[in-house]
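In what follows, a structure is listed as structure tokens, so that the remarks can point back to it.
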Amino acid sequence: MFKIAVIGTGYVGLVAGTCFAETGNDVTCVDINEEKVKQLSEGKITIFEPGLEVLFRRNLREGRLRFTTQLAEAVHPAELVFLALPTPPGEDGSADLKHVLDVAHELGKLIHSYKIIVNKSTVPVGTAEMVRSAIATHAKCEFDVVSNPEFLREGVAVEDFLKPERIVIGSSSARAIEIMRQLYEPFVRQGNPILVMDERSAELTKYAANAMLALRISFMNEISNICDRVGANVDAIRRGIGTDSRIGKQFLYAGIGYGGSCFPKDVKALIKTAEAYGYDFKIMKSAELVNEAQKRILIEKIEKHFGGSANVKGKKFALWGLSFKPNTDDIREAPALVIIDELLKRGASIAAYDPEAMDNARKLYEGKIIFVAKDYDALVDADALIIATEWNEFRNPDFNKMRSYLRGKVIFDGRNVYDPQKMKQMGFEYYSIGRPTVD
Ligand code: NAD
């Protein structure tokens, strides 16, 4: 059993804290957001993440998990202090380390016995050194700083955390590495590796992973755009290349671009890191440009269908899906938001539905678009349906009901959820990504 403090109780901190408690550790989570800490302390979960609530409630009830706004209260007894703080893009796109370094300075003043400060936030190369020197400015005891990037995916975060494909530990301290190994042992019992490396490589590993995934998405989106022009089908191509074991099946789906709190900001930050070291990271700059354009690809298709931008004015659109991907309530950088903004700019109206993300979307769009309680309600008298997130419940709907509710029997599917042939037979005009429209 380790005594652990987790600083920052968002998607990463809450999952990490809960899962560390689940393996028997004593965990105190800290957040500056008083309302969040109050809710969590009362047993109310603050994010939607499948499987999290059961573990959260159990560990809270059994006293292994608690929440506070007081850094000192969590840090004093802790042997390990995890930083799960935001690292948003600064004005120039590089990662803003303010939250991480502010906390590091505070930690330096608070610690009186050996502690391992573990950086779980996604941070640029060199951050561990900066955290170390921020702490050392004030600290009067020994401590180690370890880089331990987090690879969990929102939507399957609990599963990812409890059974990670790998753990990356960046450190040169034998003492810290041994404790980190002991902490993570229960999570890799099936044999997945704990990879120990130098801290700079650990920091860069996280960016390299996200950049590679973003690259695959942008690559397939460009292939889909070529498909649209030459009359080929991106789904067939996906299967055709995914069966090649050198390529693999995952992350080959064309769509309306990547979003979320990680890929966009991490791609930007990596480009900036490269720039800071005198390197022009051309391929990632292109991936980013492709992604920005791809978020607007449905708008192009909508304008073409209605005969120009001016004709979109006054149209009513049903929008299914607001979150940046299914199984999360996270709407940060979601393609749906770009679609909403572009349609509102053109004078269209929108009725939106999402199974989990509507509360978050309301904070941005209350009074600007209509939020409906059930998916089919959005369709009533709409000129077209737009699908922006491939939630399971959209996969096999009652097409007859859809047709009867929609005024225009038109669907713009940004996630290739339906079969174009079937949609044609059902009497819809159906547009998807990189797949021929059936006439
Ligand atoms: P988040 O915004 O969901 O949560 C961050 C939390 O930190 C918030 O609750 C905020 O109130 C709190 N906070 C801010 N300043 C604080 C302070 N000084 N003291 C205490 N709490 C403070 O962020 P997240 O999605 O959990 O991401 C955290 C880090 O992990 C980022 O660097 C991100 O890139 C990385 N990461 C995120 C994911 C993901 O899927 N969300 C996956 C891997 C890595």
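Numbering of the sequence shown is given in my numbering, commencing with residue 15 and proceeding in unit increments.
The C-beta atom is built at its ideal place from N, Cα and C for all residues, glycine as well.
Please read these numbers as outputs of a predicted model, since none were measured by experiment.
State yes or no: is the C-beta of I125 nearer than 6 Å to some heavy atom of the ligand NAD?
no
If you run the structure through DSSP and keep just helix, strand and coil, what is E105?
coil
Sorry if obvious, but does the Cβ on S446 come closer than 6 Å to a heavy atom of the ligand NAD?
no
Would you identify the three-state DSSP class for N133, choosing helix, strand or coil?
strand
I'd like to check one pair, V132 with F157: are the Cβ atoms closer than 7 Å?
no
In terms of residue numbering, what span does the alpha helix (DSSP H) encompassing L74 cover?
L66 to R75
Count the other C-beta atoms from every protein chain shown that fall within 10 angstroms of the C-beta of C276, then say buried if there are 16 or more, exposed otherwise.
buried
Does the Cβ of Y272 have 16 or more other Cβ atoms within 10 Å, making it buried, or fewer, making it exposed?
With 16 or more other CB atoms across the displayed protein chains lying within 10 angstroms of its CB, Y272 is buried.
Are I383 and I364 touching if we call contact CB-CB under 7 Å?
Going by C-beta atoms, I383 is nearer than 7 Å to I364.
Give me whichever residues DSSP pairs with M211 in a beta bridge.
Per DSSP, G184.
Determine, using beta-carbon pairs with one atom in the region 41 to 58 and one in the region 190 to 209, whether at least three such pairs fall under 8 Å.
no
Roughly how many angstroms lie between the CA atoms of Q439 and F81, to the nearest whole one?
55 Å
On the criterion of 16 or more Cβ atoms from any shown chain inside 10 Å, does I183 qualify as buried, or is it exposed?
buried
Could you tell me whether any non-hydrogen atom of the ligand NAD is closer than 6 Å to the CB of S135?
yes
Tell me, please, which residues DSSP counts as bridged to I401.
W334 and D427
Short of 8 Å in beta carbon distance, which residues of its chain neighbour R167, apart from the five on each side in sequence? Order them along the chain.
Excluding positions up to five away in sequence, the list reads D174.
So, are the CB atoms of P369 and K309 less than 7 Å apart?
no
In whole angstroms, give me the CA-to-CA distance for I208 and S323.
53 Å
Can you find at least 3 beta carbon pairs, one from the region 382 to 402 and one from the region 420 to 435, that sit closer than 8 Å?
yes
What number of angstroms, rounded off, separates the C-alpha of Y432 from the C-alpha of E67?
32 Å
CB of S275 to nearest heavy atom of the ligand NAD: below 6 Å?
yes
Could you say which of I255, G269, T151 and R214 lies nearest to L115 if we only look at CA atoms?
T151
Are there any heavy atoms of the ligand NAD lying less than 6 Å away from the beta-carbon of H113, as far as the coordinates show?
yes
Which stretch, first to last residue, makes up the beta strand (DSSP E) that contains D373?
Unbroken run through D373 is the alpha helix (DSSP H), M372 to Y379; no beta strand (DSSP E).
According to the Cβ coordinates, are I21 and N39 closer than 7 Å?
no
Just verifying my parser: in three-state terms, what is the DSSP assignment at Y293?
coil
Following the continuous beta strand (DSSP E) through R80, name the residue where it begins and the one where it ends.
Start and end: L79 to T82.
Closest to P411 by C-alpha separation, out of N430, D389 and L176, would be which residue?
D389
How about L69 and V44: are their beta carbons less than 7 Å apart?
no
On the criterion of 16 or more Cβ atoms from any shown chain inside 10 Å, does K415 qualify as buried, or is it exposed?
With fewer than 16 other Cβ atoms within 10 Å, it is exposed.
Tell me, which residues are paired with K17 by DSSP?
D40
Alpha carbon to alpha carbon, how far is L111 from A148?
12 Å
Rounded C-beta distance between Y379 and A171? I'm assuming under 8 Å.
That belief does not hold up - the Cβ atoms of Y379 and A171 are roughly 26 Å apart, past 8 Å.
With DSSP as the reference, please indicate the residues paired to L97 in a beta bridge.
I21 and N133
Keeping to the same chain, check which residues put their C-beta closer than 8 Å to that of V248; ignore five residues upstream and five downstream.
M234, I237, S238, C241, A268, N430, I447, G448 and R449
V160 by DSSP, collapsed to three states: which one?
strand
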